[in-house]
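Student: Taken in order, these protein sequences are the chains called A and B. Using the numbering used here, the letters of the first sequence correspond one by one to residues 1 to 278. Using the numbering used here, the letters of the second sequence correspond one by one to residues 279 to 556. This is the structure, below, for whatever I ask next.
2 protein chains.
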Amino acid sequence: MSSRSQTIADTLTRAIIDHRLVPGCKLGERELAEIFDVSRIVVRQALIRLADDGLAQIERNRGAFVARPSMQEAMEIYDALTLVEQGVAAQLSDRLGPAGWAELRQHVERQRQAVAAGNDALADVLGQEFHTVFVRLSRNKVMQEIHAQLVRRTTLLRSLITADFDYCNLLDDHSRVVDLLEKGRLKQAMDLIDTHHRTVVRGYIMDREVFPEMTPAEALAPYLDGKADAATTSAGLRQAKPSGNGDGAAHAHVHLPNEDRAPTSRASTKKTNRGLPT
Amino acid sequence: MSSRSQTIADTLTRAIIDHRLVPGCKLGERELAEIFDVSRIVVRQALIRLADDGLAQIERNRGAFVARPSMQEAMEIYDALTLVEQGVAAQLSDRLGPAGWAELRQHVERQRQAVAAGNDALADVLGQEFHTVFVRLSRNKVMQEIHAQLVRRTTLLRSLITADFDYCNLLDDHSRVVDLLEKGRLKQAMDLIDTHHRTVVRGYIMDREVFPEMTPAEALAPYLDGKADAATTSAGLRQAKPSGNGDGAAHAHVHLPNEDRAPTSRASTKKTNRGLPT
DNA sequence: AATCACAAGATTGGATACCAATCAATGATT
DNA sequence: AATCATTGATTGGTATCCAATCTTGTGATT
């Protein structure tokens, strides 16, 4: 088994991806040490890993927080993602064999069935996974890791953002990309990938604030020993198991930089994280 | 100032880039703790950072070693590098203004002058730097960091490899890429980038072994307090300041997996790291 | 009442000492 | 000579302690 700091880092990453830990949330050493029942040092090592991954931000003598990417950084992440996926598309259009195309088609089909069945949660997961499968077919582990890191960071953005776009259009993009690529129409496929991401970004409107709906202890509870139902719960925060108090008043540990903090309606958070476009 | 583990990680990274710490070299916690005069914990945090960066490999209960990428991984790294630089090239051909092209040309010119002056060390550094400047012009910090990490990992390969190629051809590639891009001949520029990297990789022949010529303590000595002349010494090991014994007999701390270890001539190491193609 | 300064508390970054588990190398045994 | 067991060294991790810094709350002042 790998080191304990790695597993803790993985758990925190999972919680961030699942939007149970939201940007700006304070990750106190002592608090996490208690939650995971390890020493502070192991926690600090885990936080270093998160920070290296771009998911956390460590401020000297102030502690670690879930990263709060700026709008600028959001654009850069999506630009990088586009660049990587376009490059992989170019490689695949040359090198991919029939089995590869079949796998992609099969994945798209699975997602389509999930949508048809009204299983939005599964559809969202599959939608995310498509990009991962796509890059995996390049058979380049280095590239895979880079891409996976970028994808992880986009999940941060989805917490900061009010999605507002036509969900159905995006759903077909995956299928069309596969079609275009297999037909050798690389240029059009790359343009579609660009448009795909650009549509997502354009639908994004950075909110100024995000309020955590639970404390880290509550957020991390599902992962602790039960080996949590990770994949299925990644759709939203709604069906969370608060394991105790259900009062959503816990605004604890929010990190807000010195900005104009207009008392916006907290309801905006409710509308966030609806669809998870990919 | 940032955390101490970060500065130690930076120093180790610098030493690896400078080929003072070679792949397979053991990075013992206690040893490094003494060298840097810190506790083992700080060292371990630094090693975690190195491992996350792909420059070190931590084996449970065995310790950390400078990473020893396989031939497969080497190809993947260069593939990823090609993909990134081709993508950046595509972006620049659209978006780059006159000032940007001027900066690239100026950089190429500086390198040409260095070559003309016979200053191979400076030429090598500038050759590396060209790629960095190239990516920086994309104005995408996320992409820059990804690229920089890939470049760092290529320096590992140069320790493992006996360079054997036509050095002069590669020198002009940078200039030609700039020319092609500015003229809008994107496709050709991308092909040239591909060929550029492919030529480098083809010239590589993975050696089975690399023998460190000094202990970590010797390797790290130049960086310790004098704030070392980092940039200028990155050409090779030759003008190193061993700060003490000059006997190159110290084969200490080599990590060799269970492989057929033919007693090859140690002289191969001498021929390595001549030109640093980029 | 509002603001500023200061002191107390809390948190982080780090050091030290210590322990258990594991790997490696040595020596003992057959 | 080959194999097995023991010993030593190293790592992963804990607990405790300390200094520096940040936050907060209180109180004095205007």
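Ideal placement from N, C-alpha and C gives every residue a C-beta, glycine not left out.
Give a yes or no on contact between the stretch 100-117 of chain A and the stretch 453-461 of chain B, applying the rule of three or more CB pairs nearer than 8 Å.
Tutor: The stretch 100-117 of chain A makes no contact with the stretch 453-461 of chain B; the number of CB pairs closer than 8 Å stays below 3.
Student: With which residues is Ile257/B paired in a DSSP beta bridge?
Tutor: Because chain B here runs from 279 to 556, residue 257/B falls outside it and cannot be looked at.
Student: Give a yes or no on whether the C-beta atoms belonging to Gln86/A and Ile193/A are separated by under 7 Å.
Tutor: Position 86 of the first sequence, counted from the first residue, corresponds to residue 86/A. Position 193 of the first sequence, counted from the first residue, corresponds to residue 193/A. Contact: yes.
Student: Check whether the stretch 353-361 of chain B touches the stretch 315-328 of chain B, counting contact only when three or more Cβ pairs, one atom from each stretch, lie closer than 8 Å.
Tutor: no
Student: Are the beta-carbon atoms belonging to Tyr78/A and His197/A less than 7 Å from one another?
Tutor: Sequence index remark: in the first sequence, residue 78/A carries index 78 (1-based). Sequence index remark: in the first sequence, residue 197/A carries index 197 (1-based). Yes, the pair counts as a contact, with Cβ atoms nearer than the cut-off.
Student: Residues in the same chain with beta-carbon distance under 6 Å from Met75/A, minus the five sequence neighbours each way, listed in chain order, please.
Tutor: As a first step, residue 75/A is located in the first sequence; it is residue number 75 there, counting from the start. Apart from sequence neighbours up to five positions away, no residue of its chain approaches Met75/A with a beta-carbon distance below 6 Å.
Student: Taking C-beta to C-beta, are Leu448/B and Ala367/B nearer than 7 Å?
Tutor: By 1-based counting over the second sequence, the position of residue 448/B is 170. By 1-based counting over the second sequence, the position of residue 367/B is 89. Not in contact: Leu448/B and Ala367/B (Cβ atoms no closer than 7 Å).
Student: What residues match up with Ile326/B in a beta bridge as DSSP calls it?
Tutor: Counting from 1 along the second sequence, the entry for residue 326/B is found at position 48. Under DSSP, no beta-bridge partner is assigned to Ile326/B.
Student: Quick one: what does DSSP say Lys461/B is sitting in, helix, strand or coil?
Tutor: Your numbering for residue 461/B matches position 183 in the second sequence. Here Lys461/B sits in coil by DSSP.
Student: With respect to the alpha helix (DSSP H) encompassing Pro222/A, which residues constitute its N-terminal and C-terminal limits?
Tutor: Here the question's residue 222/A lines up with position 222 in the first sequence. Premise fails: Pro222/A is in no alpha helix (DSSP H) and is neither H nor E.
Student: Under the three-state reduction of DSSP, which class applies to Ser5/A: helix, strand or coil?
Tutor: Counting from 1 along the first sequence, the entry for residue 5/A is found at position 5. Reduced to three states, the DSSP call for Ser5/A is helix.
Student: Starting from Asp296/B, follow the alpha helix (DSSP H) in both directions and report where the run begins and ends.
Tutor: By 1-based counting over the second sequence, the position of residue 296/B is 18. Counting along the chain, Asp296/B falls outside any alpha helix (DSSP H), and DSSP gives it neither H nor E.
Student: Can you tell which of Leu50/A, Ser93/A and Thr154/A has the C-alpha that lies nearest to the C-alpha of Ser138/A?
Tutor: Numbered from its first residue, the first sequence carries residue 138/A at position 138. When only C-alpha atoms are compared, the closest one is Ser93/A.
Student: If I follow the unbroken alpha helix (DSSP H) through Thr360/B, where does it start and stop?
Tutor: In the second sequence, counting from the first residue as 1, residue 360/B sits at position 82. Segment Met349 to Arg373, the alpha helix (DSSP H) holding Thr360/B.
Student: Mind listing the chain A neighbours of Asn418/B? Cutoff is C-beta to C-beta under 8 Å, in chain order.
Tutor: Stepping through the second sequence from its first residue, residue 418/B is reached at position 140. Chain-order list of chain A residues neighbouring Asn418/B: Glu76, Asp79 and Ala80, by C-beta distance under 8 Å.
Student: Looking at the unbroken alpha helix (DSSP H) that takes in Ala380/B, where does it start and where does it end?
Tutor: Taking the second sequence and counting its residues from 1, the one referred to as residue 380/B is at position 102. Taken as a continuous stretch (DSSP letters only), the alpha helix (DSSP H) holding Ala380/B covers Pro376 to Ala394.
Student: Pick helix, strand or coil for Leu27/A, following the three-state DSSP scheme.
Tutor: Here residue 27/A corresponds to residue number 27 of the first sequence, with the count starting at 1. Three-state DSSP puts Leu27/A in a strand.
Student: Can you give me, in chain order, the residues of the stretch 125-152 of chain A that have a beta carbon less than 7 Å from any beta carbon in chain B?
Tutor: Answer set for the stretch 125-152 of chain A: Asn140, Lys141, Val142, Met143 and Ile146.
Student: How long is the line joining the alpha carbons of Arg95/A and Gln106/A, rounded to whole angstroms?
Tutor: If you number the first sequence from 1, residue 95/A lands on position 95. If you number the first sequence from 1, residue 106/A lands on position 106. Per the coordinates, the alpha-carbon of Arg95/A lies some 19 Å from the alpha-carbon of Gln106/A.
Student: Looking at the unbroken alpha helix (DSSP H) that takes in Arg436/B, where does it start and where does it end?
Tutor: Taking the first residue of the second sequence as position 1, residue 436/B is located at position 158. Unbroken alpha helix (DSSP H) run through Arg436/B: Lys419 to Ser437.
Student: For Leu122/A, name the three-state secondary structure that DSSP assigns.
Tutor: Along the first sequence, read from residue 1 onward, the residue named residue 122/A stands at position 122. Helix.
Student: Helix, strand or coil for Ser317/B per DSSP?
Tutor: Stepping through the second sequence from its first residue, residue 317/B is reached at position 39. Ser317/B falls in the coil class under three-state DSSP.
Student: Can you check whether the CB of Ala401/B is closer than 7 Å to the CB of Val413/B?
Tutor: Here residue 413/B is taken as the residue at index 135 of the second sequence, counted from 1. Here residue 401/B is taken as the residue at index 123 of the second sequence, counted from 1. Against a cut-off of 7 Å, the Cβ pair of Ala401/B and Val413/B comes out as no contact.
Student: Figure out for me which residue from Asn61/A, Val66/A and Ile35/A has the closest Cα to the Cα of Ala49/A.
Tutor: Translated into the one-based positions of the first sequence, residue 49/A becomes position 49. Reading off the sequence shown, one finds Arg at residue 49/A, where the question assumed Ala. Comparing Cα positions, the closest option is Val66/A.
Student: Closest to Leu186/A by C-alpha separation, out of Asp53/A, Gln91/A, Lys26/A and Glu29/A, would be which residue?
Tutor: Translated into the one-based positions of the first sequence, residue 186/A becomes position 186. Of Asp53/A, Gln91/A, Lys26/A and Glu29/A, the residue nearest in Cα terms is Gln91/A.
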